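Undergrad: Take any residue in the sequence shown, note its place counting from 1, add 1140, and you have its number in the numbering used here.
Virtual Cβ for every residue (Gly too), placed ideally from N, Cα, C.
Small disclaimer: the values here were computed from a predicted structure and weren't measured.
Submitted below is the structure of interest, expressed as structure tokens.
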Amino acid sequence: MNISVKSEYALQAILDLAMQPPGEPVKIADIARRQHIPQKFLELILASLKRGGFVESRRGAEGGYRLARPPEQITIGEALRYLEENRSTRRAGPDVFSDLWKRVDAAVDGILDQTTFAELVRRWKESQTRYVPNWEI
């Protein structure tokens, strides 16, 4: 599956917001720094995510972006469909593999539609605590 750099950055931004305390606005510069995303590009991405109903913004010194819904309610599939609205992995014309590609697409879509950002946050946190070395003797 190929996704655009814009979509990959957008998923990273949503994940970053999902890792923050609920309701707390996060500054674009902080997301850009943590996720290694060019800030100007991130501004465009977040504006698009706002139009799509994934994030909300608040102006001012205490402003920033936050998720519009809890991360348990946002799936990777939903976000990717919005971001890659013209995406198609379908091959041109029928051939011997067309049924296979349709099944592959359906399987991938099923996984993405069942995976929420909350689940990704949980998995990431588990991976960070799983391999903590203990140097005590």
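Runs of 3 residues minimum, wholly inside the segment 1181-1261: which ones carry the beta strand (DSSP E) assignment?
TA: 1195-1198, 1204-1207, all fully within the segment 1181-1261.
Undergrad: What's the C-alpha gap between Pro1165 and Asp1239?
TA: One C-alpha to the other measures close to 45 Å.
Undergrad: Taking Leu1252 as the reference, give the member of Phe1237, Arg1263, Gly1217 with the closest Cα.
TA: That would be Gly1217, whose Cα lies nearest to the Cα of Leu1252.
Undergrad: Output the distance between the C-alpha atoms of Thr1256 and Arg1262, rounded to the nearest integer angstrom.
TA: Going from the Cα of Thr1256 to the Cα of Arg1262 covers about 10 Å.
Undergrad: Could you tell me which residues DSSP pairs with Val1166 in its beta bridges?
TA: Paired residues: Tyr1205.
Undergrad: Which first and last residues belong to the alpha helix (DSSP H) in which Ser1147 is found?
TA: Residues 1145-1158.
Undergrad: Should Ile1277 go down as buried or exposed, given a rule of 16 or more other Cβ atoms within 10 Å for buried?
TA: Answer is exposed; the Cβ neighbour count stays below 16.
Undergrad: Between the Cα of Ala1219 and those of Gly1203, Val1236, Asp1249, spot the shortest distance and give me the residue it belongs to.
TA: That would be Asp1249, whose Cα lies nearest to the Cα of Ala1219.
Undergrad: For Ala1277, does the three-state DSSP call read helix, strand or coil?
TA: In the sequence as displayed, the identity of residue 1277 is Ile instead of Ala. Note: Ile1277 maps to coil in three-state DSSP.
Undergrad: Determine the DSSP secondary structure at Ile1171, reduced to helix, strand or coil.
TA: Three-state DSSP puts Ile1171 in a helix.
Undergrad: Could you pull out every residue in the same chain whose Cβ sits closer than 7 Å to the Cβ of Val1195, ignoring the five residues on either side in sequence?
TA: These residues qualify, in order along the chain: Leu1157, Leu1186, Leu1189, Tyr1205, Arg1206, Leu1207, Ala1208.
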